[in-house]
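Enquirer: Protein sequences, first through last, are from chains A and B. Convert by adding 56 to the 1-based position in the first sequence; the result is the number in the working numbering. Convert by adding 56 to the 1-based position in the second sequence; the result is the number in the working numbering.
There are 2 protein chains.
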Amino acid sequence: MPTESTTGPAPRRRGHSPKRKAVLDAATAEFLAHGFAGTSMDRIAEAARVSKRTVYDHFPGKDALFQAIADEILARISDMPEHVYAPERPLEAQLLAIGHTFAETITDAEFMDLSRVVIARFIQRPSMAENTLKAHRRLRRDMIALLAAGKKDGRLSLRSPEMAAAQLCGLIKELAFWPQLTAGQEPLSTRARRAAVRSAVGLFLDHYGVRDA
Amino acid sequence: MPTESTTGPAPRRRGHSPKRKAVLDAATAEFLAHGFAGTSMDRIAEAARVSKRTVYDHFPGKDALFQAIADEILARISDMPEHVYAPERPLEAQLLAIGHTFAETITDAEFMDLSRVVIARFIQRPSMAENTLKAHRRLRRDMIALLAAGKKDGRLSLRSPEMAAAQLCGLIKELAFWPQLTAGQEPLSTRARRAAVRSAVGLFLDHYGVRDA
DNA sequence: GCTCGACTACACTGCACAGTGTAGTATGGC
DNA sequence: GCCATACTACACTGTGCAGTGTAGTCGAGC
Chain A
57 MPTESTTGPA PRRRGHSPKR KAVLDAATAE FLAHGFAGTS MDRIAEAARV SKRTVYDHFP
117 GKDALFQAIA DEILARISDM PEHVYAPERP LEAQLLAIGH TFAETITDAE FMDLSRVVIA
177 RFIQRPSMAE NTLKAHRRLR RDMIALLAAG KKDGRLSLRS PEMAAAQLCG LIKELAFWPQ
237 LTAGQEPLST RARRAAVRSA VGLFLDHYGV RDA
Chain B
57 MPTESTTGPA PRRRGHSPKR KAVLDAATAE FLAHGFAGTS MDRIAEAARV SKRTVYDHFP
117 GKDALFQAIA DEILARISDM PEHVYAPERP LEAQLLAIGH TFAETITDAE FMDLSRVVIA
177 RFIQRPSMAE NTLKAHRRLR RDMIALLAAG KKDGRLSLRS PEMAAAQLCG LIKELAFWPQ
237 LTAGQEPLST RARRAAVRSA VGLFLDHYGV RDA
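(1) According to DSSP, simplified to helix, strand and coil, what is residue 206 of chain B?
(2) Taking the alpha-carbon positions, what's the residue 76 of chain B to residue 122 of chain B distance?
(3) Measure the Cβ-Cβ separation of residue 125 of chain A and residue 80 of chain A and say whether it is below 8 Å.
(4) Going by DSSP, what residue range makes up the alpha helix (DSSP H) through residue 258 of chain B?
(5) Who are the neighbours of residue 262 of chain A on chain B, taking C-beta pairs under 7 Å?
(6) Residue 244 of chain B versus chain A: which residues are under 8 Å apart at the beta carbon?
(7) Write down every uninterrupted run of the alpha helix (DSSP H) in the region 156 to 241 of chain A whose length is 4 residues or greater and which is fully enclosed by it, in chain order.
(8) Kindly say whether residue 195 of chain A, judged by its beta-carbon, lies nearer than 8 Å to any beta-carbon of chain B.
(9) Cutting at 7 Å between CB atoms, please list the residues of its own chain near residue 162 of chain B, excluding the five before and the five after it.
(10) Residue range of the alpha helix (DSSP H) that residue 86 of chain A falls in?
(11) Label residue 220 of chain B either buried or exposed according to how many other C-beta atoms from any shown protein chain fall within 10 Å of its C-beta, with 16 as the threshold for buried.
(12) What is the DSSP secondary structure of residue 135 of chain A, counted as helix, strand or coil?
(13) Using CA coordinates, which residue listed in A/264, A/87 and A/92 is at the minimum distance from residue 213 of chain A?
(14) What residues of chain B sit near residue 94 of chain A, judged by a beta carbon separation below 9 Å?
(15) So residue 111 of chain A is in the alpha helix (DSSP H); what residue range does that whole segment cover?
(16) Three or more C-beta pairs closer than 8 Å, one from the region 170 to 180 of chain A and one from the region 239 to 256 of chain A: is that the case here?
(17) Could you tell me the alpha carbon to alpha carbon distance between residue 168 of chain B and residue 127 of chain A, rounded to whole angstroms?
(18) Which whole-angstrom value describes the C-beta separation of residue 238 of chain A and residue 195 of chain A, a residue pair presumed to lie in contact below a C-beta threshold of 8 Å?
(19) CB-CB under 7 Å to residue 106 of chain A, same chain, minus the five flanking residues each way: which ones, in chain order?
(20) Does any C-beta atom of chain B lie closer than 8 Å to the C-beta of residue 91 of chain A?
(21) Using a C-beta to C-beta distance shorter than 8 Å, which residues of chain A count as neighbours of residue 222 of chain B?
(22) So that I know if they touch, is there some Cβ in chain A lying closer than 8 Å to that of residue 161 of chain B?
(23) Are the C-beta of residue 75 of chain A and some C-beta of chain B separated by less than 8 Å?
(24) State the Cα-Cα distance for the pair residue 261 of chain A and residue 152 of chain B, rounded to the nearest angstrom.
(25) Whole angstroms is fine: what's the gap from residue 108 of chain B's alpha carbon to residue 117 of chain B's?
(26) Only counting the same chain, and skipping five residues up and downstream in sequence, which positions put a Cβ closer than 6 Å to that of residue 206 of chain B?
(27) Mark residue 140 of chain B as exposed unless 16 or more other C-beta atoms lie within 10 angstroms of its C-beta, in which case mark it buried.
(28) Put residue 267 of chain B into one of helix, strand or coil per three-state DSSP.
(29) Is it right to say residue 186 of chain A is buried, meaning 16 or more other beta carbons lie within 10 angstroms of its own, or is it exposed?
(30) Which one of A/92, A/235 and A/180 has the shortest CA to CA distance from residue 91 of chain B?
(31) Taking residue 101 of chain A as part of the alpha helix (DSSP H), name the residues at either end of that continuous run.
(32) What residues from chain A crowd round residue 84 of chain B, counting only those whose CB sits closer than 8 Å?
(33) Output needed in chain order: residues of the region 168 to 179 of chain A with a Cβ under 7 Å from some Cβ in chain B.
(34) Let me know if residue 86 of chain A comes out buried or exposed under the rule of 16 or more other beta-carbons within 10 Å of its beta-carbon.
This is the structure we're talking about:
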């Protein structure tokens, strides 16, 4: 064991070189296209036109590389407006707004690819999958808060804001997300996506909305 | 190449012995618990208290073994009543009936485990995932037909039966299926499941139902 | 001109796993 | 007794892949 070789088992590079970006880009493409298990470090190195050693010089291992990519994509996608209940605005408009944001987020091509990969990777350890794809958790929280506020304000007649939020999301996801993810269906056009949200909000308000308000 | 050894490259056993069942049982448990990639043929053999050779004597390979198991579980689960539109019965009751069947099917523990594994395995090739889990496709067809009939009968006011069916399913799945599958949530109690279906049908009819009928 | 950090090329270890080949054992029917 | 069937034990091939070790190249700054 020649342990005195250089500096021991620490990462050998730290700077943010152009090669690092090449690796990240190549790895993103490979992971999103072929999944975690279906992508080898050799392929990534080859695609990045970089030696395998360089990959390991910038990232400690496959998992770390994948995590870095997932984090980066999620950060890019999670850059969305907050949705806070506004008593003076019509409820329908507010529900449409958050619904559209939700639908846009989950139909984003990169989010879908990432979902595919993360779900394939972590579905055996479900907690991690939900944890990693927290982008839409944040929106779900906003939605629950909005529904709770609308209820308190007497404009919605519902028991559980959590359940109602799930229903609203389910209405949208079953049209705009799951068919594309698990059945290879083409992504919804903007037009169709917006129609799906309008329909979902229509169903929602016909049931939970209070007549006069 | 000693090709004259026994009989060439054909499967060596054909009978339905008790060992075959042991292999199937063990493989079912292993696959459902650890997924396709997470299960090795050695583990299956060990769990079945059988030599590895015996596994290969009954099944040509890992894929075939998995397919046999998936088919068997799906056959068991797909054994469900047909739901055909009955003009004389109240629509609500009919929607509740098919909704409850749907919810029962997808909340079945074995169906969920199988879904997990199949989704993890085939989500990169989405067509296969939908194809394998056809159990709920059959119900979806029934549901679409039922909605189309209800529309023709003037009891439902909707454009697309396909879209409406998706919405009804989405309302149920987002409460009773996906949280359990991807977030490790406890399965819904029978009581909660039935409440979810009633709520979904309520939302559905408040929007799509025709007032008088 | 030398050094140092980033990088390459490539050989190599170690592992897990699918699938095979084969010699040998136990059992029941003839 | 004999033979076939079902099965075991186990060694073995081949492959794909994560991760490492190392000698050497190249360019920038001193």
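Glycine is no exception: its CB is placed at the ideal position from the N, C-alpha and C atoms. In this text the structure is predicted, and so the values were computed from the model without any measurement.
Expert: Short version:
(1) helix
(2) 14 Å
(3) yes
(4) 246 to 264
(5) 262 and 263
(6) None at all; the shortest Cβ gap to chain A is about 11 Å.
(7) 165 to 178, 182 to 188, 191 to 208, 217 to 232 and 234 to 238
(8) no
(9) 192, 229, 232 and 233
(10) 74 to 90
(11) buried
(12) coil
(13) A/264
(14) 180
(15) 108 to 114
(16) no
(17) 29 Å
(18) Contact doesn't hold; Cβ gap of about 21 Å is too wide.
(19) 75, 78 and 79
(20) yes
(21) 230, 231 and 235
(22) no
(23) no
(24) 21 Å
(25) 11 Å
(26) 147 and 212
(27) exposed
(28) coil
(29) buried
(30) A/180
(31) 97 to 103
(32) None at all; the shortest Cβ gap to chain A is about 16 Å.
(33) 172, 175, 176 and 179
(34) buried
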